[in-house]
Amino acid sequence: MTIRLVDLLGQDSRIWLDPALDVYVTAMNYPGGTQAHRAPLWREHITRPGWRAVGAVARVGHRDASAPWAAARRLAPPVALAEDELLVGIAYGYRGAPDQWWNQQLRYGLRHAGAPGDYIERVTADYFELTELHVHPTAQGRGIGRHLLTRLLADRPEASVLLSTPENPAGPNRAWSLYRRMGFADVLRHFTFAGDPRPFAFLGRPLPLPLPPVEAAVATDRR
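Count the sequence shown with numbering that gives the first Met the number 0 and you get residues 0 to 222, in order.
As C-alpha cells, then:
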C-alpha cells in the first residue's frame, strides 16, 4: 500500500468529508449513522479561525477500488490523482478560543481539579486544538498517524497543541502511545464529558514539533 499525504481544503469538503467521516467512525468503532450526526459539526469546524486538515491517501488498485467496501472512502479530483485512491487517514484542528465548548470544558476540569487560575489562563491562552486524528484499521501500524500529526502541526503559530483522548484502563492503545512518543504530557486526567461515561485525558506539548524523517512508505504532496 502506497501512502501519500495531502492538505485538505475546506472548499473541497464535498469530496473528502464523507470519506473522512467513514474513517472516523470505523476507527472509533462507532455505530452506523454516526456520520450523519457528526457531519454538521465538522462543517462548522471548517469555518473556525486557523482550521487545517491533512489526509492520508492510499492507492489500492482498480480492482479493490471498485469493491463495495471501498466506495465510502473513494476520493475524486482535486484531492485524488487517480480513480483508485482512497482516504485512509484524517487529522484536523483549529486555533482554540474561550468561546469554544472544548475550551470551556478544559477550564472547568482544571478548576475542579484545583489548578491555579494563572496556570489555567496560561494553558488555554494560545493553543492549537487537535480535534481529530484517525487512521483506518486497514492502514494502521505504518506510522501514518505520526506523519499526519507532524504535517498538521508544521509551521503553526500557536505556543502549544492540546487534545483530549479516551483513557484506556487496560493499557496503552495506538493513539495513546503515539502521543506519548510525540512528547505530549498530562494537562488533566480522568475527566468525564457530559453524555460520555468514559474517562478522558487532556494532553499537550509545546510547539513547534520536531520533524521526523520521511519514510519511504509515506510521501508528501504539497499541491
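Backbone N, C-alpha and C define an ideal beta-carbon position, used for all residues, glycine too.
*Can you name, in chain order, every residue of its own chain whose Cβ lies under 8 angstroms from the Cβ of I143, other than the five neighbours on each side?*
Numbered from its first residue, the sequence shown carries residue 143 at position 144. In chain order, I2, A55, V87, G88, V134, V217 place their CB closer than 8 angstroms to the CB of I143, counting only its own chain and leaving out the 5 sequence neighbours on each side.
_Could you check whether S159 and P115 sit closer than 8 angstroms to each other, using their CB atoms as the reference points?_
In the sequence shown, the residue the question calls residue 115 occupies position 116. In the sequence shown, the residue the question calls residue 159 occupies position 160. Taking the C-beta atoms as reference points, S159 is found no nearer than 8 angstroms to P115.
*C-alpha distance - T130 paired with A26, whole-angstrom precision*: Locating residue 130 in the sequence shown gives position 131, counting from the first residue. Locating residue 26 in the sequence shown gives position 27, counting from the first residue. Counting only the Cα atoms, A26 lies some 15 angstroms from T130.
*Between the Cα of V186 and those of Y107, R145, P136, spot the shortest distance and give me the residue it belongs to.*
Indexing the sequence shown from 1 puts residue 186 at position 187. The residue with the shortest Cα to Cα distance from V186 is Y107.
*Hey, out of H189, A200, I14, whose CA is closest to P77's CA?*
Within the sequence shown, residue 77 is the residue found at index 78, counting from 1. Out of H189, A200, I14, I14 has the C-alpha closest to the C-alpha of P77.
*Does the separation of the CB atoms of A200 and S163 fall below 8 angstroms?*
Stepping through the sequence shown from its first residue, residue 200 is reached at position 201. Stepping through the sequence shown from its first residue, residue 163 is reached at position 164. Taking 8 angstroms as the Cβ cut-off, A200 and S163 qualify as a contacting pair.
_Element boundaries [alpha helix (DSSP H), containing G116]_ = As a first step, residue 116 is located in the sequence shown; it is residue number 117 there, counting from the start. Run containing G116: 116-122, per the alpha helix (DSSP H) assignment.
*Would you mind listing the alpha helix (DSSP H) stretches within the stretch 35-91 that are 4+ residues and don't spill past its ends, in chain order?*
Those alpha helix (DSSP H) runs which fall completely within the stretch 35-91 and span 4+ residues are 61-64.
*asked:* Assuming the contact rule is C-beta atoms closer than 8 angstroms, E166 and P198 should be a hit. Round their C-beta distance to whole Å, please.
replied: Position 167 of the sequence shown, counting from 1, holds the residue named residue 166. Position 199 of the sequence shown, counting from 1, holds the residue named residue 198. The Cβ separation is near 5 angstroms, so the contact holds.
*How would you write the range of the alpha helix (DSSP H) that D11 sits in, first residue to last?*
Here residue 11 corresponds to residue number 12 of the sequence shown, with the count starting at 1. Run containing D11: none; DSSP gives neither H nor E here.
*Close beta carbons around F192, own chain, < 7 angstroms, minus the five adjacent residues each side*: Residue numbering aside, residue 192 sits at position 193 when the sequence shown is read from its first letter. Within the same chain, F192 has close Cβ partners Q104, F199.
*Measure the alpha-carbon distance for F45 versus D83 and round it to whole angstroms.*
Position 46 of the sequence shown, counted from the first residue, corresponds to residue 45. Position 84 of the sequence shown, counted from the first residue, corresponds to residue 83. First, the amino acid is wrong: residue 45 is Ile here, not Phe. C-alpha separation (whole angstroms): 27 angstroms.
*Anticipated Cβ contact below 8 angstroms, F127 with G182, distance rounded*: The sequence position of residue 127 within the sequence shown is 128, counting from 1. The sequence position of residue 182 within the sequence shown is 183, counting from 1. The pair is not a contact, with the Cβ atoms about 15 angstroms apart (cut-off 8 angstroms).
*Going by the CB atoms, is the gap between A71 and P18 shorter than 8 angstroms?*
Stepping through the sequence shown from its first residue, residue 18 is reached at position 19. Stepping through the sequence shown from its first residue, residue 71 is reached at position 72. Yes, they are a contact pair.
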